[in-house]
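Here the structure comes first, spelled out in structure tokens, and everything after it is commentary.
There are 2 protein chains.
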Amino acid sequence: MEFPSKLIEEAVNQVSKLPGIGKKTALRLVLHLVKEKQENTFALTEALSNLRANIRYCNKCHNISDAEICSICLSHRRDQTLVCVVEDTKDVMAIENTAQYNGQYHVLGGVISPINGVGPSELKIESLVKRITDPANEVKEVILALSPTMEGDTTSFYIHKKIKELPVKISVISRGVPIGGDLEYADEITLGRSISGRTLFS
Amino acid sequence: MEFPSKLIEEAVNQVSKLPGIGKKTALRLVLHLVKEKQENTFALTEALSNLRANIRYCNKCHNISDAEICSICLSHRRDQTLVCVVEDTKDVMAIENTAQYNGQYHVLGGVISPINGVGPSELKIESLVKRITDPANEVKEVILALSPTMEGDTTSFYIHKKIKELPVKISVISRGVPIGGDLEYADEITLGRSISGRTLFS
Numbered sequence: 001m002e003f004p005s006k007l008i009e010e011a012v013n014q015v016s017k018l019p020g021i022g023k024k025t026a027l028r029l030v031l032h033l034v035k036e037k038q039e040n041t042f043a044l045t046e047a048l049s050n051l052r053a054n055i056r057y058c059n060k061c062h063n064i065s066d067a068e069i070c071s072i073c074l075s076h077r078r079d080q081t082l083v084c085v086v087e088d089t090k091d092v093m094a095i096e097n098t099a100q101y102n103g104q105y106h107v108l109g110g111v112i113s114p115i116n117g118v119g120p121s122e123l124k125i126e127s128l129v130k131r132i133t134d135p136a137n138e139v140k141e142v143i144l145a146l147s148p149t150m151e152g153d154t155t156s157f158y159i160h161k162k163i164k165e166l167p168v169k170i171s172v173i174s175r176g177v178p179i180g181g182d183l184e185y186a187d188e189i190t191l192g193r194s195i196s197g198r199t200l201f202s
Numbered sequence: 001m002e003f004p005s006k007l008i009e010e011a012v013n014q015v016s017k018l019p020g021i022g023k024k025t026a027l028r029l030v031l032h033l034v035k036e037k038q039e040n041t042f043a044l045t046e047a048l049s050n051l052r053a054n055i056r057y058c059n060k061c062h063n064i065s066d067a068e069i070c071s072i073c074l075s076h077r078r079d080q081t082l083v084c085v086v087e088d089t090k091d092v093m094a095i096e097n098t099a100q101y102n103g104q105y106h107v108l109g110g111v112i113s114p115i116n117g118v119g120p121s122e123l124k125i126e127s128l129v130k131r132i133t134d135p136a137n138e139v140k141e142v143i144l145a146l147s148p149t150m151e152g153d154t155t156s157f158y159i160h161k162k163i164k165e166l167p168v169k170i171s172v173i174s175r176g177v178p179i180g181g182d183l184e185y186a187d188e189i190t191l192g193r194s195i196s197g198r199t200l201f202s
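Line by line, the protein sequences are chains A and B.
Counting from 1, position 116 in the first sequence corresponds to residue 116 in the UniProt record's numbering; the numbering is continuous, with no gaps.
Counting from 1, position 172 in the second sequence corresponds to residue 172 in the UniProt record's numbering; the numbering is continuous, with no gaps.
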């Protein structure tokens, strides 16, 4: 791509580093900003640099938070004995949206992925073990809610090995055919799992 | 959407103002920046604010340019007598990519669109007329290369009305079935136009 201006080129290069955004989309976004009022671009760049400079994490669950301890960890209405282990903030938001869960979270900050150079020590696994072993926390059940992918399963397996001797129940979110999905289009592994993992009809 | 932090919320709101980016995509992009090194976010925000603050346009063709007159307008290898009228920078880049055109450009900065509040006075139409009438420029042909949409056609019609008395040839890019496209799937208007606008087989 030949650019009419170095400024455009540099902006397109930076924007196209974002995941899922190629050079063509980046150019469209950049030209949109050029057409819009200058304040809009400054509001965008300020929000992003402000976020990156001042982002904080909850000391307990490691979710993104504005305070030292996040509102979910602080809430007395939530079950303190349940801890749901998730990959990142997006998953906390997705589970919160279901309105089916009223316990605590533990955000790992990723999953084990040797290809991307992420080992167990990069994740908040030690802190999970500490959280479970501290009697003050009264954790009774740990729910593993990682994506059913190779990396997610590896991470669940690793965590299970680490905490299986501790006096807590360890559960995992159910896997099977998605609701609204057509059996015909479910892959064999999912369908096989949903048969072997069948539950009583109620 | 409930956000765990005001910083995230503000960043997502700003990013989702970009065209074609919804709240979910914005959240994904923002969380990506949070995970990456701080320098990457600053490089992005600097490129964008730098672009917006220092963007300049060519005095002759109104394309985005780093200098007062852009490299295309300055080039002596290009045909000075041909002026191709386009909507914006994206179109200049698209035509340059074809390597089929060796003339000059005139960037209108948009098309006439009453719905979006864009009238002829918002576009560089007066400057096109001046450019054609100035004998120093030696313009012999004006190519109207606007999108074959309602707005593009309206703009072409308006420009044609403005310059038809001037001593220049006025041409328009050809419309018809796209190359590689299947006749079966071409819409009736396109197909009808490509029949009535047929050219000699060569």
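Don't be surprised by glycine CBs; every beta carbon is placed ideally from N, CA and C.
As the structure is a computational prediction, the values presented were derived from the model and not from experiment.
Quick check: the Cα distance between isoleucine 115 (chain B) and glutamate 151 (chain B), rounded to an integer number of angstroms? 10 angstroms
In chain A, which residues lie less than 7 angstroms from threonine 89 (chain B) when you measure between Cβ atoms? Simply Pro4 and Leu31.
Touching or not, the stretch 5-15 of chain A and the stretch 28-38 of chain A, by the rule of three or more beta carbon pairs under 8 angstroms? yes
Going by beta carbon distance, what residues of the same chain come within less than 7 angstroms of arginine 193 (chain B), once the five residues before and after it are set aside? Arg175 and Gly176
Considering just the uninterrupted stretch of the alpha helix (DSSP H) at glutamate 188 (chain B), what are its terminal residues? 188-196
Strictly by DSSP, which residues pair up with histidine 106 (chain B)? B:Val85
At a Cβ threshold of 9 angstroms, is leucine 74 (chain B) touching chain A? no
Please name the residue in B:Phe157, B:Gly181 and B:Ile143 whose C-alpha comes closest to that of cysteine 84 (chain B). B:Ile143
Span of the alpha helix (DSSP H), counted from its first residue to its last, around glutamate 68 (chain A): Where glutamate 68 (chain A) is concerned, there is no enclosing alpha helix (DSSP H), given that its DSSP letter is neither H nor E.
Reduced DSSP category for tyrosine 185 (chain B) - H, G, I as helix; E, B as strand; rest coil: Judged by DSSP in its simplified three-state form, tyrosine 185 (chain B) adopts helix.
So with CB distances below 8 angstroms, who are the chain B contacts of arginine 78 (chain A)? At a beta-carbon threshold of 8 angstroms, none of the residues of chain B lie near arginine 78 (chain A); the nearest stands roughly 14 angstroms away.
Applying a beta-carbon distance threshold of less than 8 angstroms, which residues of chain A neighbour serine 49 (chain B)? Thr41, Phe42 and Thr45
Interface residues of chain A around methionine 93 (chain B) at Cβ under 9 angstroms? Met1, Glu2, Phe3, Pro4 and Leu27
Using CA coordinates, which residue listed in B:Leu82, B:Ala43, B:Pro148 and B:Val86 is at the minimum distance from valine 168 (chain B)? B:Leu82
As a quick exercise: from A:Ile195, A:Lys37, A:Gly110 and A:Cys61, pick the residue whose alpha carbon is nearest that of threonine 149 (chain A). A:Gly110
So with CB distances below 8 angstroms, who are the chain B contacts of asparagine 137 (chain A)? Chain B residues near asparagine 137 (chain A): none, gap ~20 angstroms exceeds 8 angstroms.
Should glycine 83 (chain A) be flagged as near chain B, meaning a C-beta pair shorter than 9 angstroms? In the sequence under discussion, the amino acid at residue 83 (chain A) is valine, which differs from the glycine named in the question. Not an interface residue.
Starting from the beta carbon of alanine 11 (chain A), find every residue of chain B whose beta carbon is closer than 7 angstroms, and list them in chain order. Ala47, Leu48 and Leu51
Looking only at its chain, what residues have a beta carbon closer than 8 angstroms to the beta carbon of glutamate 163 (chain A), apart from the 5 residues adjacent to it on each side? Inspection of the sequence shows that residue 163 (chain A) is occupied by isoleucine rather than by glutamate. Listed in chain order, the non-local C-beta contacts of isoleucine 163 (chain A) below 8 angstroms within the same chain comprise Leu128, Val129, Ile132, Val142 and Ile170, local neighbours out to five positions each way being set aside.
Given threonine 89 (chain A), which residues of its chain have a CB within under 7 angstroms of its CB, disregarding the five upstream and five downstream residues? Asn63, Ile64 and Val107
Under the three-state DSSP convention, the category tyrosine 101 (chain B) falls into: coil
Between the C-alpha atoms of glutamate 39 (chain B) and valine 12 (chain A), what's the straight-line distance to the nearest angstrom? Approximately 17 angstroms, taken between the alpha carbons.
Which stretch, first to last residue, makes up the beta strand (DSSP E) that contains isoleucine 64 (chain B)? From DSSP, isoleucine 64 (chain B) is part of no beta strand (DSSP E); its letter is neither H nor E.
Would the beta-carbon of arginine 56 (chain A) fall within 9 angstroms of that of glutamate 68 (chain A)? Remark: C-beta atoms of arginine 56 (chain A) and glutamate 68 (chain A) approach each other more closely than 9 angstroms.
Go through the stretch 132-163 of chain B residue by residue and report every complete run of the alpha helix (DSSP H) that reaches 4 residues or more, in order. 150-163
Mind checking the UniProt domain "Toprim" (81-178) of chain B against chain A and listing, in chain order, the residues whose C-beta falls within less than 9 angstroms of any C-beta there? Asp88, Thr89, Lys90, Val92, Met93, Glu96, Asn97, Gly109 and Gly110
Can you tell me whether lysine 37 (chain A) is helix, strand or coil according to DSSP? coil
Going by the beta-carbon positions, is the gap between aspartate 187 (chain A) and alanine 145 (chain A) smaller than 9 angstroms? no
Where the beta strand (DSSP E) through isoleucine 170 (chain B) begins and ends: 169-172
Please list the terminal residues of the continuous alpha helix (DSSP H) segment that includes asparagine 13 (chain B). 6-15
Counting only Cβ pairs nearer than 8 angstroms, list the residues of chain A close to leucine 200 (chain B). Result: empty, since nearest Cβ-Cβ is about 34 angstroms, beyond 8 angstroms.
Could you compute how far the alpha carbon of leucine 166 (chain B) sits from the alpha carbon of arginine 198 (chain B)? 28 angstroms
Using a Cβ-Cβ cutoff of less than 7 angstroms, which residues in the same chain neighbour aspartate 79 (chain A) once the five nearest sequence positions on both sides are dropped? Asn102 and Gly103, listed in sequence order.
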